[in-house]
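Sequence order for the protein chains is A and B.
At position 87 of the first sequence the residue is numbered 86 (numbering that gives the first Met the number 0), and the sequence of numbers has no breaks.
At position 119 of the second sequence the residue is numbered 118 (numbering that gives the first Met the number 0), and the sequence of numbers has no breaks.
As C-alpha cells, the structure follows; a few thoughts come after it.
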Amino acid sequence: MMRRQALKLGGLLLSAVTLGGWSLFKQKDRSPLLLSARDDVDGNHFAVGYRLDGTRVFSTQVGQRCHDIINHPTLPIALFVARRPGTESYLINLADGQLLQTLTSLPNRHFYGHAVIHKDGEWLYTTENDTTDPGRGLLGVYRFEGERLIHSGEIPTHGVGPHQVSWMPDGETLVVANGGIRTEAESRVEMNLNAMEPSLVLMQRDGTLLSKETLSQQMNSVRHLGIASDGTILACQQFMGDAHELSELLAIKRPGQPFEPFPVAEPQLRAMGHYTASVAVHSELRLVALTAPRGNRFFVWDLDSGALRLDAPLPDCAGVGAVKDGFVVTSGQGRCRFYDCRQSDLNAKPLDLPSGLWDNHLHVM
Amino acid sequence: MFRPKLLFTSLAAIALAACSPQDPQAVTSAAIAKQVILPTYSRWVEADRQLAVSALAYCQGKENLETARADFLHAQKAWAELQPLLIGPLAEGNRSWQVQFWPDKKNLVGRQVEQLVVAQPQIDAAALTKSSVVVQGLSAYEYILFDSNINLADDSQKARYCPLLTAIGERQKQLAEEILASWNSTDGMLAQMSKFPNQRYADSHEAIADVLRVQVTALDTLKKKLGTPMGRQSKGIPQPFQADAWRSESSLKSLAASLSAAQSVWAGVDNKGLRSLLPAEQKPLADKIDAAYAASLKLFNDNQRTLNELLADDAGRTQLNAIYDSLNVVHRLHEGELAKALGVQLGFNANDGD
C-alpha cells in the first residue's frame with residue numbers, strides 16, 4: 000500500500016513538474032525500467048513497462064504489434080514503434096501507461112519498427128517505407144508539440160528497406176541499417192531476394208549522406224544496431240541465402256575503420272540459423288551481446304579482442320539491453336534472464352518477470 | 000494501476016517447488032530424459048558403431064553390399080527415431096546436418112561427394128570433419144551405397160568411394176559417442192533435465208516447454224518431409240527427389256520411426272510422458288492425442304509400398320494424402336491444445352521475428 004501511494008505521489012509530481020518529476024522517475028535507487036512490446040496468450044498486443052525487480056508499472060493494450068521502444072530524453076514518455084508493416088505507433092505515458100497519442104503513418108507509408116528522438120527532445124525520426132516505390136527508404140521526421148508528435152517532413156535513408164536507426168555518440172549523426180529488401184504495403188513478402196541492396200549508412204539530420212558501406216554477401220540483410228560510447232557501431236544481420244552457407248551475421252565499424260565482419264567463429268555462426276534479432280553493446284564492460292531466436296542461442300563477445308565470452312542456450316531469446324553489470328535478455332518462450340558479466344564466468348539469473356511472449360526488442364532505462 | 004508484487008511468485012517459491020519431489024514437471028522431464036531420450040541416443044550410438052564396422056568390412060571385401068545396405072538402413076532408422084528428441088547439444092550448432100543433410104534441393108550431396116572423392120581420394124575421418132557438413136553424414140553414405148550412377152560391383156568404382164564411405168562411418172560413430180558423452184557429463188543434458196534450476200533451464204517448466212517445442216518442430220518437419228515430395232509446396236507436382244532418404248527408398252519407414260518416437264515422448268515409460276502432466280479434466284484431450292497417434296501409425300504400418308510407388312498412381316496418392324492428414328492432426332493437437340493445456344508458449348520471435 001505504501002508503495003502504491005508513493006508511486007501515485009510520483010505520478011502527481013511528474014504531471015506537476017515535468018522535468019523535476021522525470022529526474023524523480025529515474026531516481027538511482029529504483030530498479031531499472033524495462034519497456035517492451037508483449038503479447039498475451041490470445042494474441043492481443045500490449046505496450047508494457049516493468050521494473051527489473053518484477054514490479055509491473057503498466058500494461059497497455061494496443062491495436063498493432065510493436066517492435067522497438069524509444070524514450071524521450073526529458074519527458075516521462077516513450078514511443079512504442081509499429082512493427083513493419085504497421086501503421087500505428089503509440090506514445091505512452093511511462094508513469095501510468097496512458098496512451099497519449101496514436102501516431103498514424105501518412106498515406107503510402109508504413110513504419111519499419113524503429114525510431115530515434117533527438118537529444119534536445121524536439122525531433123523524432125522513424126524508418127518508413129514509401130509503398131509507391133516499395134522499399135525506398137525514408138526517415139519520417141516528426142516534431143514534438145508538448146506531448147504530441149506532428150509530422151514535419153521526410154528525408155531519404157540512401158538505401159532500400161531501412162530497419163533500425165540509431166544515434167552516434169554526438170547525438171547528431173544518424174546510423175541507418177538499410178536491410179536491402181523491398182516489400183509492399185501490408186506485406187512482409189520479399190520482392191527482390193536476388194537483387195538485395197543492404198547497406199550501413201551514416202548521415203546527418205538534414206539528410207546529407209556521410210558514408211554508405213556494404214558487407215561482402217549481397218543476401219545478408221543489415222537490420223539491427225548497437226552503438227558504443229566511443230562510436231563503435233555493431234550491426235547484426237539476417238541472411239536470406241541458402242541454409243548451408245556461412246554468413247557474416249555480426250559486423251563492426253570501429254571509429255575511422257571500414258564496416259567489416261566481427262570475428263565470430265564458425266560454430267557460433269552455424270548456431271544462429273542465419274537469423275539474429277537484437278544486438279546490444281556494454282560500453283563500460285566493453286562487451287557485445289547478440290540474440291539468435293531461431294538458434295535459441297544467446298552470445299556475448301569481448302568488443303576489443305573478439306573473444307567469445309558466452310554461448311548459451313536460451314529458447315526464443317530476442318530482446319537484449321545493457322544494464323549496470325551486464326545484460327538483460329527477454330524470451331518469447333521462457334523466463335527473462337540477467338547475465339552478470341563482471342566476472343570471467345558469465346552467470347545467468349532468472350528475473351522475476353512474466354515468462355514468455357516478449358517481443359523482438361527491449362529498452363531499459 | 001499499480002499492483003503490489005505477489006510474494007508467492009518470487010524466485011524462492013519457484014525454486015522450492017522445482018526442488019520438491021512433488022514437482023510433476025521436474026519428475027516428467029527427468030523421466031523423459033532418462034527413460035525415453037537416453038535409451039534412444041544409446042541405440043543410435045550402437046547403430047553407428049555397427050555402421051563404422053560395416054563400412055570397413057564391406058570395403059575389405061568381408062561383407063557384401065546387401066549387408067552394408069542393411070546396416071545403413073539400421074543407422075538411418077536410429078537417426079529417424081532421434082528426430083523428436085533433438086533437444087540439447089545435437090540440436091545446436093547445426094550438428095544435425097552433420098548426420099543428415101535435408102532438404103537437398105540442389106543435389107549438393109551428389110555433387111559434393113563427387114568433388115570430394117576427386118579432391119581427397121584417401122580421405123579419413125579427421126579430414127572429413129573439416130569438410131562441408133553436406134558430405135559428413137548418412138545422406139552421403141546413402142548416395143554411395145544406393146545411387147544408380149554408382150556401380151559398386153566394379154572394383155575400381157568401389158575403390159574410388161571406399162575411403163569416403165569408411166571415413167563417414169567412423170565420423171558418425173565419433174559424433175554419436177561425443178553427443179552421448181556430453182549428455183551424461185556433469186551438468187550435461189541429463190542433469191539439466193533432472194535438477195532445477197540450472198544454467199540451461201530456470202525451472203522445470205522451461206524444460207517441459209523445450210521438450211514440447213522440439214516435438215512440435217519434429218512433427219512439422221515430418222509433414223514437410225512427406226508434403227514436399229508429394230508436391231504440396233510445388234502446386235501438386237510431385238518432387239520425389241526432395242524426399243529424405245529417397246535413394247534407399249526408406250522415406251516412409253523413417254517417418255514412421257520418427258512418429259513412433261514422438262509417441263514415446265507423449266506416452267512415456269510407466270506413463271511418465273507429457274500425457275501425465277495433463278490434469279484429469281483434460282482426459283478428452285489426452286484421448287484425442289492417443290487416438291491421433293494410433294490412427295497415423297496404423298496408416299504407416301498398414302502400408303507396404305514405397306513413397307515412389309505410392310506417388311505413381313491415384314490410389315497411392317490418396318493413401319499419401321490420408322497419411323499426411325493424420326500427421327497434421329497429431330501436429331496441430333500438439334501445437335494448439337496440448338501447448339495451451341501445458342501452459343507452454345511456443346516461440347514467436349523465432350517464427351515471426353523481424
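Cβ atoms here follow ideal geometry from the backbone N, Cα and C, with glycine treated the same way.
Item, Value
"Local conformation of Tyr-124 of chain A per DSSP, three classes", "strand"
"Neighbouring residues, chain B, relative to Ala-347 of chain A (Cβ below 7 Å)", "Gln-198"
"Arg-50 of chain A beta carbon less than 8 Å from that of Arg-30 of chain A", "As written in the sequence, residue 30 of chain A is Ser, which differs from the Arg given in the question. Against a cut-off of 8 Å, the Cβ pair of Arg-50 of chain A and Ser-30 of chain A comes out as a contact."
"In DSSP terms, what Asn-70 of chain A is bridged to", "A:Ala-77"
"Residues near Ser-228 of chain A in its chain [Cβ-Cβ closer than 6 Å; skip 5 each side]", "Pro-168 and Ser-282"
"The region 260-280 of chain A in contact with the region 45-64 of chain B per 3-pair CB rule at 8 Å", "no"
"Per DSSP, cross-strand counterpart(s) of Thr-103 of chain A", "A:Glu-87"
"Nearest-angstrom Cα separation, counted from Arg-269 of chain A out to Gln-111 of chain B", "19 Å"
"Neighbour flag for Asn-106 of chain B against chain A, beta carbons, 8 Å", "no"
"Contact residues within the region 234-253 of chain A, judged by C-beta distance below 9 Å to chain B", "Gln-237, Asp-241, Ala-242 and His-243"
"The region 43-56 of chain B touching the region 158-178 of chain B, judged by at least three CB pairs closer than 8 Å", "yes"
"Beta-bridge pairing of Asp-339 of chain A - partner residues as DSSP gives them", "A:Gly-325 and A:Asn-346"
"Buried/exposed call for Lys-118 of chain A, threshold 16 Cβ in 10 Å", "exposed"
"Coarse secondary structure for Val-200 of chain A, derived from DSSP in three states", "strand"
"Residues of the region 73-90 of chain A whose Cβ lies closer than 9 Å to any Cβ of chain B, in chain order", "Arg-82 and Arg-83"
"Proximity of Leu-306 of chain B and Ala-242 of chain B at Cβ, strictly below 8 Å", "yes"
"Opposing strand residues paired with Gly-170 of chain A [DSSP bridges]", "Paired residues: none, contrary to the question."
"Under the three-state DSSP convention, the category Lys-113 of chain A falls into", "Before going on, a small fix: residue 113 of chain A reads as His here, not Lys. Three-state DSSP puts His-113 of chain A in a strand."
"Residues within the region 154-184 of chain B neighbouring chain A, beta-carbon criterion of under 7 Å", "none"
"Close Cβ partners of Asn-197 of chain B (< 6 Å) along its chain, the five nearest in sequence each way excluded", "Gln-191"
"Same chain only: Cβ atoms within 7 Å of Ala-11 of chain B, ignoring 5 sequence neighbours per side", "At Ala-11 of chain B the pLDDT is 43, less than 50, meaning the model places this residue with poor confidence; the figure from the coordinates comes in the next sentence. Excluding residues within five positions, none has a Cβ falling inside 7 Å."
"Under the three-state DSSP convention, the category Ala-180 of chain B falls into", "helix"
"DSSP-derived helix/strand/coil call for Asp-38 of chain A", "strand"
"Residue burial classification, Leu-32 of chain A (beta-carbon count within 10 angstroms, cutoff 16)", "buried"
"Terminal residues of the beta strand (DSSP E) in which Ala-250 of chain A lies", "249-252"
"Nearest candidate by alpha-carbon position, reference Thr-131 of chain A, set A:Glu-183, A:Pro-312, A:Asp-28 and A:Ala-317", "A:Glu-183"
"Inter-stretch contact (C-beta, 8 Å, three-pair minimum) for the region 158-175 of chain A and the region 183-201 of chain A", "yes"
"Leu-249 of chain A versus Ser-259 of chain B: straight-line alpha-carbon distance, rounded", "40 Å"
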